[in-house]
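Scroll down for the structure; my scribbles are underneath it.
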Amino acid sequence: GRLPEVKICGNDYDTPDGTGVRDYIHIMDLATGHILALKKIDENPGLKIYNLGTGNGYSVLEMITAFEKASGITLTKRTVDRRPGDVPTLYADSSLAKKELGWTATKNLDDMCHDLWNWQSKNPYGFSTN
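Numbering (our numbering), first residue to last: 1 to 130.
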């Protein structure tokens, strides 16, 4: 990685391991949801809001552990203070997207980390701007 360490913002939340729990989602699941929402707009113009997420939370430490497993790298971690406004747990209710778009997330945390590492190892500095 390009950063010397991963900062964990808070380890004193009322969660199983003390770190924040978030609804991490695979980029391909998110992209599929966006495509389905755009198709829905073509069929029925207007404003509609859909939450896209797995509906399950993973803690920051669970995410780091899964990434370490996928990459084979042990990350240097440092716990810092909570950020103002952070809540212990936050995840999406995607039931409307399932009902109206037929969309649900299909990838799990291991899939996300494996695919992230696969892309990052092939593109360590992102895409070329040329």
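Think of the CB as a built atom: it goes at the ideal place given N, C-alpha and C, for glycine as much as any other residue.
Quick check: the Cα distance between PRO124 and TYR13, rounded to an integer number of angstroms? Approximately 33 Å, taken between the alpha carbons.
Buried or exposed for TRP119, going by 16 or more other Cβ atoms inside 10 Å? TRP119 should be labelled exposed.
So for LYS48, helix, strand or coil by DSSP? coil
Who are the near neighbours of LEU30 in its chain, counting only those whose CB is closer than 7 Å to its CB and skipping five residues on each side? LEU52
So what does DSSP say about LYS77, is it helix, strand or coil? strand
Report the three-state DSSP secondary structure of SER128 (helix, strand or coil). coil
Could you check the C-alpha separation between LYS132 and LYS99 for me, to the nearest Å? Only positions 1 to 130 of the chain appear in the structure, and residue 132 is not among them; the question remains open.
May I have the straight-line CA-CA distance separating ARG131 from ASP17, to the nearest angstrom? Outside the modelled stretch of the chain, which goes from 1 to 130, sits residue 131, for which no answer is possible.
Nearest neighbour of PRO88, chosen from LEU3, ARG2, VAL6, ASP23 [CA to CA]: For PRO88, the nearest C-alpha among the options comes from ASP23.
Looking at ALA66 and TRP117, is the spacing between their C-beta atoms short of 8 Å? no
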